[in-house]
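*Asks:* Okay, handing you the structure first.
In our numbering, the protein residues as written are 77 to 328.
Structural data, given as structure tokens:
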């Protein structure tokens, strides 16, 4: 498995910038980061995860720190937490090849197959997963500006060519704007999670005496539909949904 911990010096720089924040009073974020790196290189993966987790709990959740956490959890055999932090890292740096490699490797270790609906969505709307939401927003702004420029009459450019160019830009701009809107909707109303427990029963009700409908295992991805009395109502596929203890799921 690829691991390039030290090349993520940018995360350390960010930690240095935040060191003076009141949220870090009494702590040394730079020392914690270096401790996590040193522990990882020494094979002390539990201590490495603890150091990185402390930084994440204090609000430093850069893509590189999430990636480092995923690596540390995977090395100590905590598959659910590894997938969770890889998923969080992918939302911040979707193009990183090492991250994608390790994420795919972690998914290959999970016991529950990816739902066909989720796989179909990733294929049909592939561009949505190539960029972060912020990148799609900026792309929408750029394409809308380019559209207005394309509509301006220019010397030496035939009307038919200008219309063809404007039509192509309009199509791309419409796709990017709709995707940005969909991302905003998902961020506001749609929650997704990863099963953290090695094995977690999904039940018909809110108690451990309710009928067990099926079981999910570490690393499985679910949609969180609502929360009530310490339980999440989750949906794994169109036919599989129910209530699961909140502590068994990590929200992406």
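Note that CB positions come from ideal geometry on N, CA and C, so glycine has one too.
Hey, could you find the ends of the alpha helix (DSSP H) residue 327 is sitting in?
*Replies:* To locate residue 327, count along the chain shown from 1; it is residue 251. Here residue 327 belongs to no alpha helix (DSSP H); instead the beta strand (DSSP E) covers 325 to 327.
*Asks:* My assumption, with CB atoms under 8 Å, is that residue 142 sits in contact with residue 110. Please give the rounded CB distance.
*Replies:* Position 66 of the chain shown, counting from 1, holds the residue named residue 142. Position 34 of the chain shown, counting from 1, holds the residue named residue 110. That belief does not hold up - the Cβ atoms of residue 142 and residue 110 are roughly 18 Å apart, past 8 Å.
*Asks:* Kindly give me the distance between the Cβ atoms of residue 296 and residue 271, rounded to whole angstroms, as I take these residues to be in contact under 8 Å.
*Replies:* As a working mapping, residue 296 is identified with position 220 in the chain shown. As a working mapping, residue 271 is identified with position 195 in the chain shown. The Cβ separation is near 4 Å, so the contact holds.
*Asks:* In the structure shown, what three-state DSSP assignment does residue 173 receive?
*Replies:* On the chain shown, residue 173 is found 97 positions in, with the first residue counted as 1. In the structure shown, residue 173 sits in a helix (DSSP, three-state: H, G or I).
*Asks:* Assuming the contact rule is C-beta atoms closer than 8 Å, residue 159 and residue 131 should be a hit. Round their C-beta distance to whole Å, please.
*Replies:* What you label residue 159 is simply residue 83 of the chain shown in a count that begins at 1. What you label residue 131 is simply residue 55 of the chain shown in a count that begins at 1. Not a contact, Cβ separation roughly 20 Å.
*Asks:* Could you spell out the range, first to last residue, of the beta strand (DSSP E) harbouring residue 134?
*Replies:* Position 58 of the chain shown, counted from the start, is the residue given in the question as residue 134. Here residue 134 belongs to no beta strand (DSSP E), and DSSP marks it neither H nor E.
*Asks:* For a test of the three-state rule: what should DSSP assign to residue 316, helix, strand or coil?
*Replies:* Within the chain shown, residue 316 is the residue found at index 240, counting from 1. Coil, per DSSP.
*Asks:* Short check: CB of residue 324 to CB of residue 273, under 8 Å?
*Replies:* On the chain shown, residue 324 is found 248 positions in, with the first residue counted as 1. On the chain shown, residue 273 is found 197 positions in, with the first residue counted as 1. Yes, the Cβ-Cβ distance between residue 324 and residue 273 is below 8 Å.
*Asks:* Give the straight-line distance between the Cα atoms of residue 235 and residue 242, rounded to the nearest whole angstrom.
*Replies:* Along the chain shown, read from residue 1 onward, the residue named residue 235 stands at position 159. Along the chain shown, read from residue 1 onward, the residue named residue 242 stands at position 166. C-alpha separation (whole angstroms): 10 Å.
*Asks:* May I have a chain-ordered list of the beta strand (DSSP E) segments no shorter than 3 residues that lie completely inside the region 238 to 291?
*Replies:* Counting only runs of 3 or more, we get 267 to 271, 275 to 279.
*Asks:* Quick check on the burial criterion: 16 or more other C-beta atoms within 10 angstroms. Buried or exposed for residue 140?
*Replies:* Counted from its first residue, the chain shown places residue 140 at position 64. Its Cβ being crowded by 16 or more others within 10 Å, residue 140 is buried.
*Asks:* Classify residue 189 as helix, strand or coil using the three-state DSSP reduction.
*Replies:* For this step, residue 189 is matched to residue 113 along the chain shown. Residue 189: coil per DSSP, three-state reduction.
*Asks:* Mind the definition here: the region 238 to 252 touches the region 106 to 121 only if three or more C-beta pairs lie below 8 Å; say whether that holds.
*Replies:* Contact between the region 238 to 252 and the region 106 to 121 is absent, because fewer than three Cβ pairs lie under 8 Å.
*Asks:* Flag this pair as touching only if the region 242 to 254 and the region 301 to 313 have three or more C-beta atom pairs under 8 Å; answer yes or no.
*Replies:* Contact between the region 242 to 254 and the region 301 to 313 is absent, because fewer than three Cβ pairs lie under 8 Å.
*Asks:* Work out the CA separation of residue 222 and residue 275 for me, nearest whole Å.
*Replies:* Walking along the chain shown from the start, residue 275 turns up at place 199. Walking along the chain shown from the start, residue 222 turns up at place 146. Cα to Cα, residue 275 sits roughly 51 Å from residue 222.
*Asks:* From residue 101 to residue 108, what distance separates their C-alpha atoms?
*Replies:* By 1-based counting over the chain shown, the position of residue 101 is 25. By 1-based counting over the chain shown, the position of residue 108 is 32. Only weak support is given to the placement of residue 101: the predicted model assigns it a pLDDT of 40, under 50, and the question is left unresolved by the model.
*Asks:* Could you check the C-alpha separation between residue 154 and residue 219 for me, to the nearest Å?
*Replies:* By one-based count along the chain shown, residue 154 stands at place 78. By one-based count along the chain shown, residue 219 stands at place 143. Near 43 Å, if we compare the C-alpha coordinates of residue 219 and residue 154.
*Asks:* Count the other CB atoms within 10 Å of the CB of residue 244; is the residue buried (16 or more) or exposed (fewer)?
*Replies:* Mapped onto the chain shown, residue 244 falls at position 168. Answer is exposed; the Cβ neighbour count stays below 16.
*Asks:* Could you give the DSSP three-state label for residue 167: helix, strand or coil?
*Replies:* The residue given as residue 167 occupies position 91 in the chain shown. If DSSP states are grouped into helix, strand and coil, residue 167 belongs with coil.
*Asks:* Residue 163: buried (16+ other C-beta within 10 angstroms of its C-beta) or exposed?
*Replies:* Taking the first residue of the chain shown as 1, we reach residue 163 at position 87. Label assigned to residue 163: buried.
*Asks:* Compare the C-alpha of residue 305 against each of 293, 282, 288 and name the closest.
*Replies:* Position 229 of the chain shown, counted from the first residue, corresponds to residue 305. For the residues 293, 282, 288, the minimum Cα distance to residue 305 belongs to 282.
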